[in-house]
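Before any comments, here is the structure.
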Amino acid sequence: MQKNTKDSFRTDREIMQDIGNSISVIMDRLNSGDTVSKDDLLPELQRAKEQIHIVTTASINYQIVVDHLDENVMITDSDQTILYVNPSFEHSFNISRHELIGSPLSSLVASGRYFTNPIVSEVIRDKRRIMRLAFLPNNERPSIAVGFPIFDAEGKILYVVSTDRSLSSFSDLRDHFNSFVSSLRSIHQMGSAVKVYDSAKMIAGEDPMIGSSPQMKQIQYLVEKVSDTDAPVLITGESGTGKELVANAIYNSSKRKNKPFIKVNCSSIPATLIESELFGYEKGAFSGASTSGKKGLFEAANEGTILLDEIGDMPLEAQAKLLRVLQNNEVTRVGGTRPIKLNIRVIASTNSDLKAKIQEGTFRKDLYYRLHIIPISIPPLRERQDDIALLCDHFIRMFSEQYHRSFSMTDENLELLTSYSWPGNIRELRNIMEYLVVCCSDFPYVDNSLLKGILDIEEDPEDLSPVSVSDTNETAGELTLGEAVAKCERDLLKSTMQKVSSMKEASLLLGVDTSTISRKLKQYGLTIKGEEA
Numbered sequence: 010m011q012k013n014t015k016d017s018f019r020t021d022r023e024i025m026q027d028i029g030n031s032i033s034v035i036m037d038r039l040n041s042g043d044t045v046s047k048d049d050l051l052p053e054l055q056r057a058k059e060q061i062h063i064v065t066t067a068s069i070n071y072q073i074v075v076d077h078l079d080e081n082v083m084i085t086d087s088d089q090t091i092l093y094v095n096p097s098f099e100h101s102f103n104i105s106r107h108e109l110i111g112s113p114l115s116s117l118v119a120s121g122r123y124f125t126n127p128i129v130s131e132v133i134r135d136k137r138r139i140m141r142l143a144f145l146p147n148n149e150r151p152s153i154a155v156g157f158p159i160f161d162a163e164g165k166i167l168y169v170v171s172t173d174r175s176l177s178s179f180s181d182l183r184d185h186f187n188s189f190v191s192s193l194r195s196i197h198q199m200g201s202a203v204k205v206y207d208s209a210k211m212i213a214g215e216d217p218m219i220g221s222s223p224q225m226k227q228i229q230y231l232v233e234k235v236s237d238t239d240a241p242v243l244i245t246g247e248s249g250t251g252k253e254l255v256a257n258a259i260y261n262s263s264k265r266k267n268k269p270f271i272k273v274n275c276s277s278i279p280a281t282l283i284e285s286e287l288f289g290y291e292k293g294a295f296s297g298a299s300t301s302g303k304k305g306l307f308e309a310a311n312e313g314t315i316l317l318d319e320i321g322d323m324p325l326e327a328q329a330k331l332l333r334v335l336q337n338n339e340v341t342r343v344g345g346t347r348p349i350k351l352n353i354r355v356i357a358s359t360n361s362d363l364k365a366k367i368q369e370g371t372f373r374k375d376l377y378y379r380l381h382i383i384p385i386s387i388p389p390l391r392e393r394q395d396d397i398a399l400l401c402d403h404f405i406r407m408f409s410e411q412y413h414r415s416f417s418m419t420d421e422n423l424e425l426l427t428s429y430s431w432p433g434n435i436r437e438l439r440n441i442m443e444y445l446v447v448c449c450s451d452f453p454y455v456d457n458s459l460l461k462g463i464l465d466i467e468e469d470p471e472d473l474s475p476v477s478v479s480d481t482n483e484t485a486g487e488l489t490l491g492e493a494v495a496k497c498e499r500d501l502l503k504s505t506m507q508k509v510s511s512m513k514e515a516s517l518l519l520g521v522d523t524s525t526i527s528r529k530l531k532q533y534g535l536t537i538k539g540e541e542a
């Protein structure tokens, strides 16, 4: 007899109540004094038989399900006596369940075939669900271990269920995190070349500028002072520091906040199309052009604000035309001769070293000074550690509300996050918090070993401090300050170049742009490992 779908959602207690009801009906009829035939009792007897079958087959099915799980599963009682392990557990630890069942967990640990830090004792001690990394003796490969208690009616622990799944390396956690972030980007359609906001669509859901550090207070002061002017603003900072958020704050505080706000990612538009996209074109301006011509993004932003993100990647030809737009407050479409007057606020942003690009000949000096009227430099997150706790709290609250889940950080978590260098800055922190809320909300807290795996670090927080001059092995007086700093810089670059395979990797690791890396390598006569000098 097959268990029907409806019964699969009922508890054993409910089914046993049905059995009891059927037996009560039979007993009532037998005790009534009336003549009772077999046919009268048969329906209730058959019903009781069916319910008993459901209970017995359900118990067997639960065993079958657990036996076929890929994760290693172990069940102990509150005294840490092993009651059950599944076949995956037997295979992973090369031990049969017959050797284990009825024996204390401590004997398995002492044999050297199980984790040196089993999660069961922590679950019993804390009486709650726990997730963290676990390690086998003399084995650097970690496993994700999860343990949770099962309580009786009086709140005492009956059983502890622990599961674990092996990781091939710490990078598995990072790979899972990166896959998660990639999925989010495709869902949210991040990275588009042009975003348009107008008076009917205020910027909702954008992250505000969070921070109480001296650096952020200075930026907030600057934003307040410059918002109501029309002067160009140049926002600089590493990738992920929040340049767009500063631009949003300027726009939202300005007299143009009810007018269009168009954001353009200059690096996302092909060089052959950027002029026609920014400045528009007349009909027949080039092969494939619309027969009616097209308004450019500057015209679309007229009376409002335009953000030119990644301005350092704009081609030189387009830079020359942009300079004329800024100087004359007018634009001429590609293929056209008639200038079109503009009333527009220009904000530019970049993670590039524009002065280095000027030296390289890839950015116009006159355009730089035209944009540099009001410069705002955003420090990397590692230089504003006081803001990390505030940012974590903000993102956790935001994503908890978005996904209807809850998550909280421990002091140990915050200590680790504060000591981390954050090469991806606020964007990386935001992604980490979203991952934790979505994937770890079932757990009261996340162990630091898991966080290290996600962050792709294995060092203790003490090992994450910046390089100090004392590490140069030179005593005071043997080197001038400039020489000591140069030596530290060269040693750090040399060490980094041994770990990376490209300029971009080095840029992310050290938190500076590629042009700075290139210039420093030439200065110290260094090359990336595997590249020829």
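Residue numbers (the numbering used here): 10 to 542.
Don't be surprised by glycine CBs; every beta carbon is placed ideally from N, CA and C.
For clarity, every value in this text was computed on a predicted model and none was experimentally measured.
Problem set entry | Chain-order list of residues whose beta-carbon lies under 7 Å from that of Phe-157 (same chain, five-residue window excluded) | In the sequence shown, counting from the first residue as 1, residue 157 sits at position 148. Cβ within range, chain order: Val-132, Arg-138, Val-170.
Exercise. Thinking C-beta only, is Asp-173 closer than 8 Å to Ser-152?
Worked result: Here residue 152 refers to the residue found at position 143 of the sequence shown. Here residue 173 refers to the residue found at position 164 of the sequence shown. Yes, Cβ-Cβ distance for Ser-152 and Asp-173 is below 8 Å.
For this session: Would you tell me roughly how many angstroms separate the C-alpha atoms of Leu-335 and Ile-349, rounded to the nearest one?
Result: What you label residue 335 is simply residue 326 of the sequence shown in a count that begins at 1. What you label residue 349 is simply residue 340 of the sequence shown in a count that begins at 1. Rounded to whole angstroms, Leu-335 to Ile-349 spans 13 Å at the Cα level.
Problem set entry | Tyr-168: first and last residue of the uninterrupted beta strand (DSSP E) it sits in | On the sequence shown, residue 168 is found 159 positions in, with the first residue counted as 1. Segment 166-175, the beta strand (DSSP E) holding Tyr-168.
Exercise. Would the beta-carbon of Val-118 fall within 8 Å of that of Met-140?
Worked result: Walking along the sequence shown from the start, residue 118 turns up at place 109. Walking along the sequence shown from the start, residue 140 turns up at place 131. Not closer than 8 Å, so no.
Exercise. Which class does Pro-217 belong to by DSSP, given the choice of helix, strand or coil?
Worked result: Counting from 1 along the sequence shown, the entry for residue 217 is found at position 208. Pro-217: coil per DSSP, three-state reduction.
For this session: Note down, in chain order, each residue of its chain lying with its Cβ closer than 6 Å to the Cβ of Ala-310, except the 5 sequence neighbours on either side.
Result: Here residue 310 corresponds to residue number 301 of the sequence shown, with the count starting at 1. These residues qualify, in order along the chain: Pro-269, Ile-271, Ile-353.
Exercise. From the DSSP output, which residues share a beta bridge with Gly-156?
Worked result: As a first step, residue 156 is located in the sequence shown; it is residue number 147 there, counting from the start. Its beta-bridge partners are Ile-139, Ser-171.
Problem set entry | Classification of Pro-389 by the beta-carbon crowding that lies within 10 angstroms, buried from 16 upward | In the sequence shown, counting from the first residue as 1, residue 389 sits at position 380. Buried: at least 16 other Cβ atoms inside 10 Å.
Exercise. Pick from Gly-111, Trp-431, Phe-98: whose alpha carbon is nearest that of Tyr-175?
Worked result: Taking the first residue of the sequence shown as 1, we reach residue 175 at position 166. The sequence given here has Ser at residue 175, not Tyr. Per the Cα distances, Phe-98.
For this session: State buried or exposed for Leu-459, treating a residue as buried only when at least 16 other CB atoms are found within 10 Å of its CB.
Result: Numbered from 1 along the sequence shown, position 450 holds the residue referred to as residue 459. Classification of Leu-459: buried, given that the 10 Å Cβ count is 16 or more.
Problem set entry | Local Cβ density within 10 Å of Ser-361, reported as buried at 16 or more and exposed below that | For the purposes of this step, residue 361 is identified with residue 352 of the sequence shown, where counting begins at 1. Flag for Ser-361 reads buried.
Exercise. Does the Cβ-Cβ distance between Gly-321 and Ile-435 come in under 8 Å?
Worked result: On the sequence shown, position 312 is the one that residue 321 refers to. On the sequence shown, position 426 is the one that residue 435 refers to. Taking 8 Å as the Cβ cut-off, Gly-321 and Ile-435 do not qualify as a contacting pair.
Problem set entry | Span separating the alpha-carbon of Ile-110 from that of Ile-405 | What you label residue 110 is simply residue 101 of the sequence shown in a count that begins at 1. What you label residue 405 is simply residue 396 of the sequence shown in a count that begins at 1. So the alpha carbons of these two residues sit roughly 42 Å apart.
Problem set entry | Span of the beta strand (DSSP E) around Thr-245 | On the sequence shown, position 236 is the one that residue 245 refers to. Its beta strand (DSSP E) spans residues 242-245.
Problem set entry | Nearest residue (CA-CA) to His-413, options Glu-392, Arg-439, Thr-427, Cys-449 | Your numbering for residue 413 matches position 404 in the sequence shown. The candidate whose alpha carbon is nearest that of His-413 is Cys-449.
For this session: Leaving aside the five residues before and after Ala-357 along the sequence, list all residues of the same chain whose C-beta is less than 6 Å from its C-beta, in chain order.
Result: Translated into the one-based positions of the sequence shown, residue 357 becomes position 348. Closer than 6 Å at Cβ, skipping near neighbours: Leu-243, Leu-317, Ile-320, Leu-380.
Problem set entry | Alpha-carbon spacing of Tyr-93 relative to Gln-411, whole angstroms | Looking up residue 93 in the sequence shown gives position 84. Looking up residue 411 in the sequence shown gives position 402. Answer to the nearest angstrom: the Cα atoms are 39 Å apart.
Problem set entry | Residues sharing a beta bridge with Leu-316, DSSP | For this step, residue 316 is matched to residue 307 along the sequence shown. In DSSP, Leu-316 forms a bridge with Lys-272, Ile-356.
Problem set entry | Cβ-based burial, Ile-196 [other Cβ within 10 Å; buried from 16] | Here residue 196 corresponds to residue number 187 of the sequence shown, with the count starting at 1. Its pLDDT being 43, under 50, Ile-196 is placed unreliably by the model, and the measurement read from it follows with that caveat. Looking at its Cβ environment, which holds fewer than 16 other Cβ atoms inside 10 Å, Ile-196 is exposed.
Problem set entry | Residue span of the alpha helix (DSSP H) that contains Ile-128, given as start and end | In the sequence shown, residue 128 corresponds to position 119, counting from 1. Looking at the DSSP string, Ile-128 is not in any alpha helix (DSSP H), and its letter there is neither H nor E.
Problem set entry | Val-82 vs Val-75 beta-carbon contact at 8 Å | Indexing the sequence shown from 1 puts residue 82 at position 73. Indexing the sequence shown from 1 puts residue 75 at position 66. In contact: Val-82 and Val-75 (Cβ atoms closer than 8 Å).
For this session: Kindly give me the distance between the Cβ atoms of Arg-342 and Gly-302, rounded to whole angstroms, as I take these residues to be in contact under 8 Å.
Result: For the purposes of this step, residue 342 is identified with residue 333 of the sequence shown, where counting begins at 1. For the purposes of this step, residue 302 is identified with residue 293 of the sequence shown, where counting begins at 1. Their Cβ separation, rounded to whole angstroms, is 7 Å, which keeps Arg-342 and Gly-302 in contact under 8 Å.
Exercise. How many angstroms separate the CA atom of Cys-275 from the CA atom of Ser-263?
Worked result: Within the sequence shown, the letter at position 266 stands for residue 275. Within the sequence shown, the letter at position 254 stands for residue 263. Rounded to whole angstroms, Cys-275 to Ser-263 spans 24 Å at the Cα level.
For this session: Return the chain-ordered list of same chain residues with a C-beta closer than 8 Å to the C-beta of Asn-126, the five sequence neighbours on each side being excluded.
Result: One-based indexing of the sequence shown puts residue 126 at position 117. So the list reads Ala-143, Phe-144, once near-sequence residues are dropped.
Exercise. Can you give the Cα-Cα distance for Glu-326 and Tyr-444, rounded to whole angstroms?
Worked result: Taking the sequence shown and counting its residues from 1, one reaches residue 326 at position 317. Taking the sequence shown and counting its residues from 1, one reaches residue 444 at position 435. Approximately 42 Å between the Cα atoms of the pair.
Exercise. Excluding five sequence neighbours on each side, which residues of the same chain lie with their C-beta closer than 6 Å to the C-beta of Ile-259?
Worked result: The count along the sequence shown starts at 1 and reaches residue 259 at position 250. Closer than 6 Å at the Cβ level, and outside the excluded window around Ile-259, lie Val-232, Ser-236.
Exercise. Taking the alpha-carbon positions, what's the Ala-213 to His-403 distance?
Worked result: As a first step, residue 213 must be located in the sequence shown, where it is residue number 204. As a first step, residue 403 must be located in the sequence shown, where it is residue number 394. Low confidence applies to Ala-213: its pLDDT is 39, below 50, so where it sits in the model is not reliable enough to give any reading.
Problem set entry | Through-space distance from Ile-463 to Pro-113, alpha-carbon basis | Residue 113 sits at position 104 when you count from the first residue of the sequence shown. Residue 463 sits at position 454 when you count from the first residue of the sequence shown. Looking at the two C-alpha atoms, the distance is approximately 33 Å.
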